[in-house]
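Inspection log for the structure reproduced underneath, given as structure tokens.
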Amino acid sequence: MSARGVVLAGVGGQGVVLASAVLAEAALQSGFEVKQSEVHGMAQRGGAVVSHIRYGDTVASPIVPLATADVLAGFEWAEALRWLPYLAPGGALVVDARRIVPPGACRDHRRWGVPYPPLDPTSIAGRTGAVVLIDATGIAGTLGNVKAANSVVMGAVSRFLDLSDAAWEKAIARFVPPRTVDLNIEAFHAGQQAETLDPADIPELGLDPLPERHYHIDVNEAWCKDCGICPSICPEFCLALDDAHRLVVVDEEACTGCRLCEVLCPDFAIRIVTPVGAQGGAR
Amino acid sequence: MIETRERALLSGNEAIARGAWEAGVRVASAYPGTPSTETLQALVTYEDVDTRWATNEKVAVDVALGASLGGARALAVMKHVGLNVAADTFMTAAYTGVGAGLVIMVADDPGMHSSQNEQDTRLYARMGLVPLLEPSDSQEAKDFTKLGFEVSERFDTPVLLRSTTRISHNRGIVVLEDRAEVPVGGFHPDPSKYVMLPAYARGRHPVVLERLTRLTTYAEELVTEEGADTRVGIVTAGVPYQYVKEVLPEARILKLGMTFPVPVERIRSFAAGVERLVVVEELEPFLEETLKAAGIHVEGKAYFPRTGELSPDLVHDGFAALGLVEPRSSAPTPPPTVVRPPLLCAGCPHTVPYWSLKRLGAVVTGDIGCYTLAALEPLATMDTCVSMGASIGMATGLAASGGADKPVVATIGDSTFLHGGVPALMDAVYNQADITVVILDNGTVAMTGGQEHPGTGRTLSGEETRAVDLPALCRAIGVDDLHVVDPYDVSATLRAIEQAMAHRGPSVVITYRPCIEAPVRIKDRPFWVDADACTACQLCMNLGCPAILWTSETFEGRRKVTIDTEMCTGCTLCAQLCPPRAILPVQEVGS
Numbered sequence: 031m032s033a034r035g036v037v038l039a040g041v042g043g044q045g046v047v048l049a050s051a052v053l054a055e056a057a058l059q060s061g062f063e064v065k066q067s068e069v070h071g072m073a074q075r076g077g078a079v080v081s082h083i084r085y086g087d088t089v090a091s092p093i094v095p096l097a098t099a100d101v102l103a104g105f106e107w108a109e110a111l112r113w114l115p116y117l118a119p120g121g122a123l124v125v126d127a128r129r130i131v132p133p134g135a136c137r138d139h140r141r142w143g144v145p146y147p148p149l150d151p152t153s154i155a156g157r158t159g160a161v162v163l164i165d166a167t168g169i170a171g172t173l174g175n176v177k178a179a180n181s182v183v184m185g186a187v188s189r190f191l192d193l194s195d196a197a198w199e200k201a202i203a204r205f206v207p208p209r210t211v212d213l214n215i216e217a218f219h220a221g222q223q224a225e226t227l228d229p230a231d232i233p234e235l236g237l238d239p240l241p242e243r244h245y246h247i248d249v250n251e252a253w254c255k256d257c258g259i260c261p262s263i264c265p266e267f268c269l270a271l272d273d274a275h276r277l278v279v280v281d282e283e284a285c286t287g288c289r290l291c292e293v294l295c296p297d298f299a300i301r302i303v304t305p306v307g308a309q310g311g312a313r
Numbered sequence: 379m380i381e382t383r384e385r386a387l388l389s390g391n392e393a394i395a396r397g398a399w400e401a402g403v404r405v406a407s408a409y410p411g412t413p414s415t416e417t418l419q420a421l422v423t424y425e426d427v428d429t430r431w432a433t434n435e436k437v438a439v440d441v442a443l444g445a446s447l448g449g450a451r452a453l454a455v456m457k458h459v460g461l462n463v464a465a466d467t468f469m470t471a472a473y474t475g476v477g478a479g480l481v482i483m484v485a486d487d488p489g490m491h492s493s494q495n496e497q498d499t500r501l502y503a504r505m506g507l508v509p510l511l512e513p514s515d516s517q518e519a520k521d522f523t524k525l526g527f528e529v530s531e532r533f534d535t536p537v538l539l540r541s542t543t544r545i546s547h548n549r550g551i552v553v554l555e556d557r558a559e560v561p562v563g564g565f566h567p568d569p570s571k572y573v574m575l576p577a578y579a580r581g582r583h584p585v586v587l588e589r590l591t592r593l594t595t596y597a598e599e600l601v602t603e604e605g606a607d608t609r610v611g612i613v614t615a616g617v618p619y620q621y622v623k624e625v626l627p628e629a630r631i632l633k634l635g636m637t638f639p640v641p642v643e644r645i646r647s648f649a650a651g652v653e654r655l656v657v658v659e660e661l662e663p664f665l666e667e668t669l670k671a672a673g674i675h676v677e678g679k680a681y682f683p684r685t686g687e688l689s690p691d692l693v694h695d696g697f698a699a700l701g702l703v704e705p706r707s708s709a710p711t712p713p714p715t716v717v718r719p720p721l722l723c724a725g726c727p728h729t730v731p732y733w734s735l736k737r738l739g740a741v742v743t744g745d746i747g748c749y750t751l752a753a754l755e756p757l758a759t760m761d762t763c764v765s766m767g768a769s770i771g772m773a774t775g776l777a778a779s780g781g782a783d784k785p786v787v788a789t790i791g792d793s794t795f796l797h798g799g800v801p802a803l804m805d806a807v808y809n810q811a812d813i814t815v816v817i818l819d820n821g822t823v824a825m826t827g828g829q830e831h832p833g834t835g836r837t838l839s840g841e842e843t844r845a846v847d848l849p850a851l852c853r854a855i856g857v858d859d860l861h862v863v864d865p866y867d868v869s870a871t872l873r874a875i876e877q878a879m880a881h882r883g884p885s886v887v888i889t890y891r892p893c894i895e896a897p898v899r900i901k902d903r904p905f906w907v908d909a910d911a912c913t914a915c916q917l918c919m920n921l922g923c924p925a926i927l928w929t930s931e932t933f934e935g936r937r938k939v940t941i942d943t944e945m946c947t948g949c950t951l952c953a954q955l956c957p958p959r960a961i962l963p964v965q966e967v968g969s
């Protein structure tokens with residue numbers, strides 16, 4: 031048998047590495063040569079995690095060549111998309127309908143949008159064979175522990191691989207914490223039978239960009255005594271004390287209109303004004 | 379951890395540990411560093427090996443060399459840049475030779491998955507005139523480790539074992555064998571060999587060169603030749619061999635087990651039997667240049683990248699450019715997706731020191747560790763990151779330059795400080811540098827997964843030991859302005875750093891809080907956001923905590939926030955900052 035390739039992709043903490051160890055062990059139990067490759071390091075800090083597993087009579091490269099994976103399993107939608115180039119034409123995409131918004135993507139303080147891709151398998155139509163979109167996290171939660179979502183995903187992956195249930199179960203028992211073996215095996219079988227979701231039933235995230243707003247920071251210099259409270263609190267560092275310890279507006283563009291400066295000023299010396307003509311009009 | 383089965387799936391690092399154990403290794407020393415760290419963590423699970431974390435890589439090699447001279451087989455382990463630290467001993471250990479076998483395992487990181495450069499350790503082998511073995515999978519990782527000890531003893535030389543991320547972190551099938559009991563040979567004083575006075579060292583250099591000649595002949599025994607298609611002959615080693623096999627399974631391949639010294643004459647005769655000769659190697663054109671210098675016509679880096687990791691696809695592209703295979707169908711592009719930068723953990727005690735420095739305004743030199751992530755948004759408070767311990771000396775230099783328009787602050791983790799920061803702090807005190815050093819003491823080597831170090835009071839095998847007292851160490855060095863503060867206390871941390879920065883001359887702030895991930899995972903009662911009270915000011919968001927996210931709700935055109943209670947560790951930092959007090963502890967049911 032020529033080498034089978036499986037790519038597992040998710041986010042640090044989702045159990046991608048454990049799931050790949052289970053698959054590799056199941057293939058070893060089935061008498062195949064196996065190679066499994068992952069990258070540690072920064073991935074542990076909430077970044078993307080990916081693991082490649084190849085098995086067969088002989089396996090040379092530990093990395094799955096592009097466009098040759100038989101199965102791509104996404105433990106999360108955006109990560110499934112990221113590694114899609116590894117999936118062979120006609121290969122199976124198994125994906126948990128979970129969406130993990132990267133906190134690092136919540137950074138646009140002008141438009142407040144998060145560029146998380148819409149959960150819509152039709153957007154990648156023609157690039158995959160079967161698409162199995164399942165609520166793995168929900169199923170695992172129903173069984174008693176959301177952390178078993180990785181076993182649910184692997185159950186769905188097993189539909190496309192030629193490894194026996196006995197080999198899978200033995201591998202799960204070897205790698206998951208002893209107290210959770212039964213739960214994970216149950217989760218695995220639930221994944222084998224999980225129904226494919228209709229993406230139309232999945233609500234939108236509601237994180238599209240908002241209308242842009244601009245503000246003017248109006249400092250009444252006659253009243254300001256340069257006490258330093260507002261520059262020490264401004265979340266966007268719009269205000270500062272200069273070398274002469276005088277309050278200066280250094281970055282009005284960055285003002286988001288939170289008005290912490292206005293609220294905290296003991297001398298009522300600062301006011302946030304929405305310029306006339308901008309959205310919302312003058313205050 | 380000891381495998382009783384005949385065959386096991388082992389990572390390269392686990393296989394190297396297994397190989398060392400089977401070879402009868404008695405002493406092993408290392409400093410953690412991705413991708414090498416798990417080697418000693420695997421080895422410590424075996425019996426009859428004295429396995430220990432060293433303060434830094436130089437100490438690790440010193441310890442291993444000393445053990446070797448005592449007649450015990452010894453292993454030192456590090457990542458590629460660790461060999462820079464150990465290079466002083468390494469270069470002269472080449473002259474002293476060994477007592478019992480000495481293997482120095484170095485894990486390179488092509489592609490810099492978790493490193494600051496991608497230097498090629500083979501160049502160190504050439505500089506030190508030390509043989510280098512390069513495994514291509516987990517089985518060879520074990521076999522070559524064992525072989526390394528034999529080569530070391532037979533040729534009286536340290537041996538480099540070069541792994542890469544793709545070997546160290548790839549799992550493959552390994553056939554397990556028993557341990558060979560190698561008795562300790564004892565220390566036999568020999569000043570002309572072990573005391574490298576100039577007069578003695580002059581006598582050793584010719585010995586090293588003569589040894590190299592014999593090793594070159596020996597390297598011929600470690601080649602394997604396969605494949606029938608002689609239209610091209612490929613010289614390769616390490617994991618690139620696997621990519622070559624993947625793309626051109628029928629090609630004539632000469633795989634080297636020892637890539638320094640290069641068995642040039644063996645390759646010359648191989649070249650005579652093929653129509654054209656191609657070298658496939660990761661990073662530097664090391665073999666290619668050696669062969670070209672020997673007058674052998676060879677093609678290589680013109681077709682394969684010199685930067686980053688190779689892959690079956692890049693090797694395919696190179697062979698296609700050479701006209702040996704059809705080009706791949708055009709590379710599929712990923713659909714648009716969201717970037718996912720790594721972040722400091724929820725509850726990370728490094729958060730507030732950097733948040734404070736951003737508030738106060740400083741030129742911040744950084745160092746190697748998790749906290750390097752503070753260079754990224756939203757903290758974005760790090761101006762340099764170069765090498766282990768460099769923050770303090772660089773801060774001293776920046777302050778001396780007169781070119782910094784703000785106070786200069788060095789930031790360094792506890793383990794990094796002990797590894798390479800202590801001499802630089804002594805220098806700062808000695809020369810009265812006008813800098814502040816913030817020692818981010820989280821009581822572990824967090825970046826590599828939470829290892830012990832001389833400041834933690836525990837050894838690699840889990841035994842209690844004396845812990846370095848960081849405040850006492852700083853005082854002993856002569857730091858007069860010393861602050862110790864809890865980085866979970868936002869205002870105290872801000873104030874301590876502000877005071878230290880105002881001090882003329884060297885000052886130190888030690889922020890002490892255990893890492894929330896290691897040695898135990900800390901999870902306190904989580905917090906939640908009262909959306910009715912949230913004014914969406916973003917003060918909490920700007921901490922960069924991964925548990926704080928935007929919601930679909932807005933206030934005056936800004937996004938409100940929510941807290942992922944699964945991820946929240948209850949550190950209270952965001953609650954301390956929240957102006958409308960909208961961030962509250964989750965009440966337990968029934969309370």
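From first to last, the protein sequence lines stand for chains Y and P.
For the first sequence, the working numbering begins at 31 and goes up steadily by one.
For the second sequence, the working numbering begins at 379 and goes up steadily by one.
Cβ coordinates follow ideal geometry from the N, Cα and C atoms, glycine included.
Asked	Found
Terminal residues of the beta strand (DSSP E) in which F638(P) lies	636–638
Length at least 3, wholly inside the stretch 411–458 of chain P: the beta strand (DSSP E) runs in chain order	428–431, 452–457
Contact with chain P by H139(Y), beta-carbon distance below 8 Å	yes
Nearest to I83(Y) (by Cα), restricted to the options R112(Y), V125(Y), R34(Y), F105(Y)	R34(Y)
Outcome for L587(P) when other beta-carbon atoms lying within 10 angstroms are tallied against a minimum of 16	exposed
Run of the beta strand (DSSP E) containing E400(P), from where it starts to where it stops	Taken as a continuous stretch (DSSP letters only), E400(P) belongs to no beta strand (DSSP E), being part of the alpha helix (DSSP H) at 390–400.
Cβ separation of L796(P) and G771(P), assumed to be a contact under 8 Å, to the nearest whole Å	Contact doesn't hold; Cβ gap of about 15 Å is too wide.
7 Å Cβ cut-off: residues of chain Y touching G735(P)	Note that residue 735(P) is Leu in the sequence shown, not Gly. Simply none; closest approach about 13 Å.
Chain P within 8 Å of D93(Y), Cβ atoms only	The question names Asp, but residue 93(Y) in the sequence shown is Ile. So yes, I93(Y) belongs to the interface.
For I202(Y), three-class secondary structure by DSSP	helix
Proximal chain P residues relative to S32(Y), where beta-carbon distance stays under 7 Å	Correct list: empty, because the minimum Cβ distance to chain P is about 11 Å.
Within 8 Å, strictly: CB atoms of E384(P) and A420(P)	no
Whole-Å CB distance - D864(P) paired with R891(P), under 8 Å assumed	6 Å
Pairwise C-alpha distance: E659(P) and L665(P)	8 Å
Contact list for A339(Y) against chain P, beta-carbon separation under 7 Å	Residue 339(Y) lies beyond the range of chain Y shown here (31 to 313); nothing can be said about it.
Bridge-paired residues (DSSP) for V144(Y)	According to DSSP, V144(Y) bridges with nothing at all.
Endpoints, beta strand (DSSP E) assigned at H583(P)	Note, H583(P): premise wrong, no beta strand (DSSP E); alpha helix (DSSP H) at 576–597.
Buried versus exposed call for V278(Y) [16 or more other C-beta atoms within 10 Å across all chains shown]	exposed
Residues sharing a beta bridge with D150(Y), DSSP	Answer is none; D150(Y) lacks a bridge partner.
For V693(P) and G678(P), believed in contact at Cβ under 8 Å, the rounded distance	The Cβ separation is near 12 Å, so there is no contact.
Beta-carbon separation (whole angstroms), V131(Y) vs V144(Y), contact threshold 8 Å	6 Å
Inter-residue spacing [alpha-carbon to alpha-carbon] between A874(P) and P731(P)	10 Å
Beta-carbon spacing of M945(P), A960(P) below 8 Å	no
Unbroken alpha helix (DSSP H) run spanning S546(P), endpoints	543–546
Nearest to D466(P) (by Cα), restricted to the options G827(P), M574(P), S869(P)	M574(P)
Same chain, Cβ closer than 6 Å to S885(P), neighbours up to 5 away in sequence not counted	T814, D859, A878
Within 7 Å of chain Y by C-beta, residues of the stretch 515–548 of chain P in sequence order	T543, R544, H547, N548
Start-to-end residues for the alpha helix (DSSP H) that takes in I894(P)	Taken as a continuous stretch (DSSP letters only), I894(P) belongs to no alpha helix (DSSP H), as it is neither H nor E.
Delimiting residues of the beta strand (DSSP E) encompassing D126(Y)	117–126
Rounded distance between the beta-carbons of V601(P) and K633(P), thought under 8 Å	7 Å
Option in K524(P), E842(P), L803(P) with minimal Cα separation from D792(P)	L803(P)
As assigned by DSSP and simplified to three states, the class of E659(P)	coil
Unbroken stretches of the alpha helix (DSSP H), 4 residues or longer, contained in the stretch 794–832 of chain P	800–808
Chain-order list of residues whose beta-carbon lies under 8 Å from that of D505(P) (same chain, five-residue window excluded)	Position check: residue 505(P) holds Met in this sequence, whereas Asp was assumed. These residues qualify, in order along the chain: M469.
Sheet register partners of G35(Y) (DSSP bridge)	R84(Y)
Contact between the stretch 289–301 of chain Y and the stretch 246–253 of chain Y (3+ Cβ pairs under 8 Å)	yes
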